[in-house]
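Engineer:
Numbering (our numbering), first residue to last: 315 to 632.
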C-alpha cells in the first residue's frame, strides 16, 4: 500500500492517483485511461458490450493525450497485467506532422483523427434520426434518400474543411500554440434544409483564416503560404481521415437537426416535425451517439486482444 501511494504522489495526474488507490487484484474489473472527460461515454458502452455481465470497467480521463501516455510510461508493469489496464488515445494529426506515438499491446490509437471520425457515418445518422429525432415511423425509401444526402453533404463539408485543417496542420508542425477548442464551426458554416451552406466569395477563405487566428490566440502572419498544406490535405485519403473529430460530430448533429426542422420537406407523412425523444447538443452528443454507434473493427480487435484475453485467462485459471 505504501508503494502505491508513493507512486501516486510522484504523479500530478489525479486519475492516476485514483487508479492506484482503487486497483484490486481480485475484483472482476478491467481498467482504462482516456483523454477527455467525454471519452468514457464512448468507450464504456463499447467495453460493456464485450465483457461478461459479472465484470465491470473503470475508466479515467487523464486530461489529454500526453497525460495518458505519461501514465502508461509511469506505471510499473511488473505489478499490473497489461491486458487488464488499457489506454485510449486519438491519432490526431500525428501521421502528418509527423510525430511518433507509443506502440504497446494495451494502447489503442484511433484509426482516424479521433473516435468521432469512425462513428460519424450513414449508419449512425440513420439511427440518430429514427431513435432521437423521432423519425422511426417514416417511409424507408424517404429515410434512404435523407441518408444518401447526408453522405453527399458530408463529403462537401470535409472538402470545405481543407483550408481550415491546412492552417491547423501548419500550426502543429510549427509548434505554434493554438487553442482549437475555441473554434466555433457554426461561425464558419451553416446547414439549411440539410444542405451545407458555403461562402464562395473571393475573400471567404482569407476571412476564415483571420477568424481562426483571432479565435485560437495565434498571431496572423500574412506571409505564410498554406498552398502546400492545402495540397497535402486535399488528398482523399487525408481529408476523409484527418478532419478534427469535434467538427465532424458538429456536422452530424446539425444535419440531423436540419432534417428535423424541415421534416415536412423530406418525409411525406410528416405534417410537422416529430417530437424529439432526447434533446441533443454538443455537450451531450457523445453520450447519445456513442450508445448508438457500431464499434470500429480495430477497436473490437483491440478489446479481443486485451480485456477479453485477460478475462478468459482469469476464468481458465479459476
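We put the CB at the ideal spot given by N, CA and C, even for glycine. These numbers were taken from a predicted model, which means no experiment stands behind them.
(1) Provide the residue span of the beta strand (DSSP E) that contains residue 625, from first to last.
(2) When you compare the CB positions of residue 512 and residue 474, do they come within less than 9 Å of one another, or not?
(3) If you count every other CB in all the chains shown that lies within 10 Å of the CB of residue 620, and 16 or more means buried, which is it?
(4) With distances taken from CA atoms, which of 618, 589, 429 is nearest residue 608?
(5) Starting from residue 604 and walking both ways along the alpha helix (DSSP H), at which residues does that stretch end?
(6) With distances taken from CA atoms, which of 558, 628, 468, 377 is nearest residue 352?
(7) Return the CA-CA distance between residue 293 and residue 367, expressed in angstroms with no decimal places.
(8) Would you call the segment 422-441 in contact with the segment 451-466, where contact means no fewer than 3 C-beta pairs closer than 8 Å?
(9) Using only the alpha-carbon positions, how far apart do residue 386 and residue 585 sit?
(10) By the three-class DSSP mapping on this structure, what secondary structure does residue 531 have?
(11) For the pair the segment 558-569 and the segment 497-511, tell me if three or more CB-CB distances fall below 8 Å.
(12) Which residue spans inside the segment 485-548 form an unbroken beta strand (DSSP E) run of at least 3?
(13) Measuring alpha carbon to alpha carbon, tell me which residue in 613, 464, 539 is nearest residue 425.
(14) If we ignore side chains and look at the alpha-carbon of each, how far apart do residue 319 and residue 483 end up?
(15) Can you tell me the Cα-Cα spacing of residue 611 and residue 495, whole angstroms?
(16) Pull the bridge partners of residue 347 from the DSSP assignment, please.
(17) Could you check if residue 323 is buried or exposed, using at least 16 other CB atoms within 10 Å of its CB as the buried criterion?
(18) DSSP three-state label for residue 423, please.
(19) I'd like the span of the alpha helix (DSSP H) that includes residue 609, first residue to last.
(20) Thinking C-alpha only, which one of 383, 560, 594, 348 is nearest residue 445?
(21) By how many angstroms is the C-alpha of residue 471 removed from the C-alpha of residue 626?
(22) Using beta-carbon positions only, say whether residue 344 and residue 371 come within less than 9 Å of one another.
(23) Could you round the C-beta distance between residue 354 and residue 447 to whole angstroms and report it? I think they count as a contact, below 8 Å.
(24) Alpha carbon to alpha carbon, how far is residue 330 from residue 407? Give it in angstroms, no decimals.
(25) Which stretch, first to last residue, makes up the alpha helix (DSSP H) that contains residue 431?
(26) Using the Cβ count rule (16 or more neighbours within 10 Å means buried), how would you classify residue 391?
(27) How would you write the range of the alpha helix (DSSP H) that residue 577 sits in, first residue to last?
(28) For residue 406, which of helix, strand or coil comes out of DSSP?
Structural biologist: The answer reads as follows:
(1) Translated into positions along the chain shown, residue 625 becomes position 311. Careful: residue 625 lies outside any beta strand (DSSP E), inside the alpha helix (DSSP H) at 623-631.
(2) For the purposes of this step, residue 512 is taken as the residue at position 198 of the chain shown. For the purposes of this step, residue 474 is taken as the residue at position 160 of the chain shown. A contact, by the Cβ cut-off of 9 Å.
(3) What you label residue 620 is simply residue 306 of the chain shown in a count that begins at 1. The residue in question, residue 620, is buried, as its Cβ has 16 or more Cβ neighbours within 10 Å.
(4) As a working mapping, residue 608 is identified with position 294 in the chain shown. That would be 429, whose Cα lies nearest to the Cα of residue 608.
(5) Position 290 of the chain shown, counted from the first residue, corresponds to residue 604. Per DSSP, residue 604 belongs to the alpha helix (DSSP H) from 599-604.
(6) In the chain shown, residue 352 corresponds to position 38, counting from 1. For residue 352, the closest of 558, 628, 468, 377 by C-alpha to C-alpha distance is 377.
(7) No information on residue 293 is available, as it lies outside the stretch 315 to 632 that the chain covers here.
(8) yes
(9) Working through the chain shown from its first residue, we reach residue 386 at position 72. Working through the chain shown from its first residue, we reach residue 585 at position 271. Going by the C-alpha atoms only, they are around 55 Å apart.
(10) Numbered from its first residue, the chain shown carries residue 531 at position 217. Residue state, collapsed to three classes: coil.
(11) yes
(12) The qualifying runs are 504-506, 509-511.
(13) As a working note, residue 425 is residue 111 in the chain shown. Residue 613 is the option with its Cα nearest to residue 425.
(14) Within the chain shown, numbered from 1, the residue matching residue 319 stands at position 5. Within the chain shown, numbered from 1, the residue matching residue 483 stands at position 169. Since pLDDT at residue 319 reaches only 46, below the 50 mark, its modelled position is unreliable, and no value is offered.
(15) Counted from its first residue, the chain shown places residue 611 at position 297. Counted from its first residue, the chain shown places residue 495 at position 181. Approximately 28 Å between the Cα atoms of the pair.
(16) Position 33 of the chain shown, counting from 1, holds the residue named residue 347. Answer by DSSP bridge pairing, in chain order: 374, 401.
(17) Here the question's residue 323 lines up with position 9 in the chain shown. The predicted position of residue 323 is uncertain, since its pLDDT is 44 and thus under 50; a value taken from the coordinates is nonetheless stated next. When all chains shown are included, residue 323 counts as exposed.
(18) The residue you call residue 423 lines up with position 109 of the chain shown. Note: residue 423 maps to strand in three-state DSSP.
(19) Taking the chain shown and counting its residues from 1, the one referred to as residue 609 is at position 295. Where residue 609 is concerned, there is no enclosing alpha helix (DSSP H), given that its DSSP letter is neither H nor E.
(20) Within the chain shown, residue 445 is the residue found at index 131, counting from 1. Here the closest residue by C-alpha is 594.
(21) Taking the chain shown and counting its residues from 1, the one referred to as residue 626 is at position 312. Taking the chain shown and counting its residues from 1, the one referred to as residue 471 is at position 157. Approximately 44 Å, taken between the alpha carbons.
(22) Residue numbering aside, residue 344 sits at position 30 when the chain shown is read from its first letter. Residue numbering aside, residue 371 sits at position 57 when the chain shown is read from its first letter. Contact flag set, yes.
(23) Sequence index remark: in the chain shown, residue 354 carries index 40 (1-based). Sequence index remark: in the chain shown, residue 447 carries index 133 (1-based). Wrong, their Cβ atoms sit about 25 Å apart, outside the cutoff.
(24) On the chain shown, residue 407 is found 93 positions in, with the first residue counted as 1. On the chain shown, residue 330 is found 16 positions in, with the first residue counted as 1. Cα to Cα, residue 407 sits roughly 26 Å from residue 330.
(25) By 1-based counting over the chain shown, the position of residue 431 is 117. Note, residue 431: alpha helix (DSSP H), 429-433.
(26) Taking the first residue of the chain shown as position 1, residue 391 is located at position 77. Per the 10 Å Cβ criterion, exposed.
(27) Your numbering for residue 577 matches position 263 in the chain shown. That run of the alpha helix (DSSP H) goes 577-580.
(28) Position 92 of the chain shown, counting from 1, holds the residue named residue 406. Coil.
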